[in-house]
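Engineer:
There are 2 protein chains.
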Amino acid sequence: MQNRKVIHQGAIAIEDKTITDVGKTRELKRKYRTCYEKIDAKGGVVIPGLINTHQHAAMSLLRGYADDLPLQEWLEKWIWPVEKHMTAQDIYTGALLTAIESIMGGTTTVNTMYHYTPEKNEAKAFADAGLRGVIGHVCFSWRKKEDMRALEDLTKSWHNKADGLIHTGVDPHSPYTVDPEYMQELKEVRKELNQKYGSEETPIIAHIHVAETVDEPEKIRRAFNVQPENGVMEYLDSLGVLDQHVVAAHCVALTDKDMTAMKRRLVKVSHNPISNLKLASGISPVPEMLGKGITVSLGTDSPCSNNAADMFEVMKTTAIIHKGVNKNPVLLPAEEVLEMATIRGAEALSWENEIGSIEVGKKADLAIINFRKPHLCPLYSEVSHLVYAANASDVETVLINGKIVMENRRLTTLNVEKTIEKVEKTKNSLLNKLKQNNSKSQ
Amino acid sequence: MQNRKVIHQGAIAIEDKTITDVGKTRELKRKYRTCYEKIDAKGGVVIPGLINTHQHAAMSLLRGYADDLPLQEWLEKWIWPVEKHMTAQDIYTGALLTAIESIMGGTTTVNTMYHYTPEKNEAKAFADAGLRGVIGHVCFSWRKKEDMRALEDLTKSWHNKADGLIHTGVDPHSPYTVDPEYMQELKEVRKELNQKYGSEETPIIAHIHVAETVDEPEKIRRAFNVQPENGVMEYLDSLGVLDQHVVAAHCVALTDKDMTAMKRRLVKVSHNPISNLKLASGISPVPEMLGKGITVSLGTDSPCSNNAADMFEVMKTTAIIHKGVNKNPVLLPAEEVLEMATIRGAEALSWENEIGSIEVGKKADLAIINFRKPHLCPLYSEVSHLVYAANASDVETVLINGKIVMENRRLTTLNVEKTIEKVEKTKNSLLNKLKQNNSKSQ
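Protein chains in written order, with our numbering: chain L, 1 to 442; chain R, 1001 to 1442.
#1: When you compare the CB of L:M104 with every CB in chain R, is at least one pair closer than 9 angstroms?
#2: Under a CB-based cut-off of 9 angstroms, is R:T1419 close to chain L?
#3: Under a CB-based cut-off of 9 angstroms, is L:I320 close to chain R?
#4: Within this structure, are the beta carbons of R:G1231 and R:E1354 separated by less than 9 angstroms?
#5: Assuming the contact rule is C-beta atoms closer than 8 angstroms, L:G361 and L:T109 should be a hit. Round their C-beta distance to whole Å, please.
#6: Terminal residues of the continuous alpha helix (DSSP H) containing L:K403?
#7: For the alpha helix (DSSP H) that contains R:G1154, what are its first and last residues?
#8: Output yes or no for whether 9 angstroms exceeds the beta carbon distance between L:V210 and L:P180.
#9: Can you give the beta carbon distance from R:I1091 to R:H1159, rounded, assuming they're within the 8 angstroms contact cut?
#10: Determine which residues of the segment 1267–1285 of chain R have a Cβ less than 7 angstroms from any Cβ of chain L, and write them out in chain order.
#11: For L:M1 and L:A341, what's the separation of their Cα atoms in angstroms?
#12: What number of angstroms, rounded off, separates the C-alpha of L:T168 from the C-alpha of L:K263?
#13: Under 6 angstroms Cβ to Cβ from R:V1267, same chain only, skipping five residues before and after it: list those, please.
#14: Within a Cβ cutoff of 7 angstroms, which residues of the same chain sit near L:P217, ignoring the five residues on either side of it in sequence?
#15: Rounded to whole angstroms, what is the Cα-Cα separation between L:A57 and L:E152?
#16: At a CB-CB cut-off below 7 angstroms, which residues of chain R make contact with L:G64?
#17: What does DSSP give as the partner residue(s) for R:R1410 in the beta ladder?
#18: In chain R, which residues lie with their C-beta within 7 angstroms of the C-beta of L:C139?
#19: State the Cα-Cα distance for the pair L:W142 and L:D171, rounded to the nearest angstrom.
#20: What residues from the segment 88–119 of chain L come within 7 angstroms of chain R, judged by C-beta to C-beta, listed N to C?
#21: Does the beta-carbon of R:Y1182 have 16 or more other beta-carbons within 10 angstroms, so that it is buried, or is it exposed?
#22: The alpha helix (DSSP H) that contains L:A125, what's its start and end?
#23: For a contact meaning CB atoms closer than 9 angstroms, what does L:P175 contact in chain R?
#24: Under 9 angstroms between beta-carbons, which chain L residues line up against R:A1392? List them in chain order, please.
#25: Measure from the alpha carbon of R:Q1244 to the alpha carbon of each residue in R:L1279, R:A1348 and R:E1288, then state which is nearest.
#26: At the level of alpha carbons, what is the spacing between R:Q1195 and R:I1420?
#27: Rounded to the nearest angstrom, how far is the Cβ of R:K1422 from that of R:T1093, given a contact under 8 angstroms?
#28: State the beta-bridge partners of R:M1113 as determined by DSSP.
#29: Run through DSSP, which three-state label would R:K1433 get?
#30: Can you tell me which residues form a DSSP beta bridge with R:T1018?
#31: Quick check on R:Q1009: buried or exposed, where buried means 16 or more other Cβ atoms within 10 Å of its Cβ?
#32: Buried or exposed: where does L:V387 fall if 16 or more other Cβ atoms within 10 Å of its Cβ makes it buried?
#33: If you measure from the beta carbon of R:V1416 to each beta carbon in chain L, is any gap under 9 angstroms?
#34: By how many angstroms is the C-alpha of R:D1215 removed from the C-alpha of R:L1279?
#35: Identify, in the order they occur along the chain, each residue of the same chain with its Cβ nearer than 7 angstroms to the Cβ of R:T1025, setting aside the five sequence neighbours on each side.
#36: Give a yes or no on contact between the segment 1114–1121 of chain R and the segment 1391–1408 of chain R, applying the rule of three or more CB pairs nearer than 8 angstroms.
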């Protein structure tokens, strides 16, 4: 990405999963005369597939179930009571919906944190949809034994499986739900799992919520009687759990010492501006982090706090929100934001050797955007339109791992209508269970 | 809107331009047995067409031409040098593009401020597209005579014309480009034009930029040697130019006294959050204005400071930004934001007797949104999805003034492909003129 550029009248050659050539169509036509399968991207712009570094894919089942509420009421009275009725099958169904929405919006890799169950799970859903992803199992102090079994099974069954589409993560939920000892134990577990199932090329990463709200130090103190005086990230560093394979979601309420620790440990950030605004968490100091050379990628968060899985929306919001709140119109220019949604996302997931840019040797994860639309006209700058004017629905064709997973907006891997029906049924069954449970408890 | 509600399995009866009945499909089927033309909205949600209360429609020609720049550099080095080469035909073409984009995104009324020329203009473009709009001529101190001719011709030729689709406006550009005397004169002109061409039912409105940036009082002082000590709106009130037919765009930097004056004079606000963030103007105190009972509507601003004409985006941004910056998740709930984009917009344009809600006797300005999409699934609340999850491209069919202007995403009034080609040609011609001009001046 040192030499990032826009190639006009360009073409990409792909063999099996891999990009083997990139250049002018004229030149590539001369080099590859014999019959290849061709995708005509005329009038379109080809970009590296977008990388969403913070999701809870199964929670699409709760999209729009509860909005405009204070955080604790939202969680305790609305989200958690339904979530406890979700079966493994429901989690699979919800993740399938997110996989479909992601692909249809040009997202080719999703980092998701949820409850892992061996029979049906988010990994299976992503693999069935042909979506690349890092599947994490979320860990809490109150279920250590269960977590250990889940992590072992998840990593063994899925890490670097499904043709290399799936990686896995060890995901401590947050510093206020995972006690200091368990936090350290999870780092050890990750190390061990890496030795058994990972490699330097395909590491098992950690994915955690950090500093989402300003009262997080207080929540940690109340939960574990420790005092993160210099900030939550600095506290995690004092536990020795930070390293270059940690993706920290949100990072809204950071101290200077937090940022120093992040820079030193090469911690990666997933910035989730839409979720942070909707849940009223605040605004992450992204310009400061970028100024310190910290890697910042982008995420949507779950579809019940966003309520979409749309990385185009996240790009636009990222590009405008920091200008607006800092009253500085040159912050976060379009080029930088597009990088955050692609190559920085790949770096955040320790996957930049294979994805995040259109380069020879990388996997063919590509989205073709149809620019023959009134709202993408006239055309002065492709990058400006991608960030400020394009929508998820402008994505026409998507390749992941060299395979066409969507062509002219039709998914090749799944029946979208059937999934929609299944999701509606799942919703009704969840609401019924909730009703029965409520009438029992009365 | 006192009794706003969602009708499931509902139907709407329309005769000519007007809504004649609203109710359950079952009941309407019984009442209207004889053959009507039917539009099947199954799986869809019908909403009042969205109302965009601040646009400069012709400026779509400059979408993405210059971004991520300081405001003055952006205006002086980029926007103004191109704008001076725009012909009347170019203005028509640009407005046509905005009309298409608006309709395709479910917007049925647009309030636009630009330079009026008799031969070709934004009014003609809107009428040709079948889009409802308030067409204003923008007035500056430096061209009073020209303005007077333009205002007279615009109002005479277009006010309440094109089957009632078009209203007109007297648009002082801003308090820092229109001197105090001219500001008062323009109020008189509006009164006179109203007597000649308007009526109580169809008033000619005023549309002005106010308090877009924090340095506006200083700009006024430098331009006209007057000191708006208590705020810009209070200054306008001291000139006696505020009334219930004034739409003030932006209203970012307001004092308490400003808001008191706005409430007293029933001034209407057009909130433009995306433009305000992108240009780094800041964040309008919308919750405070709503708390004081001021009418706040929504606008996109021009496609060169947004860079879209997408009211769905504006709704979502409005719903989340005030929660985020005020750290209060209950502010601006979805229901309120949907009202701002519909009935409040109608009120802002003094047009609420005819548009802004689905009510018997109002004009049939309707958008049908296709909800059979993965990102609008599952369905718990229609209003939540409309604000937080739906996109412009989910709009399937649009009626304006009882006429189908888009059906299954195909415009019935215009050839979209030809307009796109025309816009690209216009862009090239503008860039050529700019180049020639630059080489001359060297």
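Note that CB positions come from ideal geometry on N, CA and C, so glycine has one too.
Structural biologist: Concretely, from the data shown:
#1: yes
#2: Taking a beta-carbon distance threshold of 9 angstroms, R:T1419 counts as an interface residue toward chain L.
#3: yes
#4: no
#5: About 17 angstroms separates the CB atoms of L:G361 and L:T109; that is not less than 8 angstroms, and the two are not in contact.
#6: Premise fails: L:K403 lies in the beta strand (DSSP E), K403 to E407, not in any alpha helix (DSSP H).
#7: Going by the sequence as given, residue 1154 of chain R is Leu instead of Gly. Its alpha helix (DSSP H) spans residues K1144 to W1158.
#8: The beta carbons of L:V210 and L:P180 sit no closer together than 9 angstroms.
#9: With a Cβ gap of about 19 angstroms, R:I1091 and R:H1159 do not count as contacting.
#10: I1274, N1276, L1277, K1278, L1279, A1280, G1282 and I1283
#11: Confidence at L:M1 is low in this model, with a pLDDT of 44, below 50, so its placement is unreliable and no value can be given for it.
#12: 24 angstroms
#13: Shown here for R:V1267: same chain residues with a beta carbon closer than 6 angstroms to its own, the five before and five after excluded, namely L1242, V1246 and A1248 in chain order.
#14: P228 and V232
#15: 21 angstroms
#16: Those within 7 angstroms of L:G64 in chain R are Y1380, S1381, S1384, H1385, Y1388 and A1389.
#17: R:E1407
#18: Ordered by position in chain R, no residue passes the 7 angstroms Cβ test against L:C139, which lies about 27 angstroms from the chain.
#19: 14 angstroms
#20: Against chain R - using a Cβ distance shorter than 7 angstroms - the residues of the segment 88–119 of chain L are L97, I100, E101 and M104.
#21: Using a 10 angstroms sphere on the CB of R:Y1182, the tally of other CB atoms reaches 16 or more, which defines it as buried.
#22: E122 to A129
#23: Chain R residues near L:P175: none, gap ~20 angstroms exceeds 9 angstroms.
#24: H375, N391 and S393
#25: R:A1348
#26: 40 angstroms
#27: Going by Cβ atoms, the distance from R:K1422 to R:T1093 rounds to 5 angstroms, so yes, they are a contact pair.
#28: In the DSSP output, where bridge partners are listed per residue, R:M1113 has R:G1136.
#29: helix
#30: R:E1015 and R:K1363
#31: Exposed, since its Cβ has fewer than 16 Cβ neighbours within 10 Å.
#32: buried
#33: yes
#34: 14 angstroms
#35: Q1009, G1010 and A1011
#36: no
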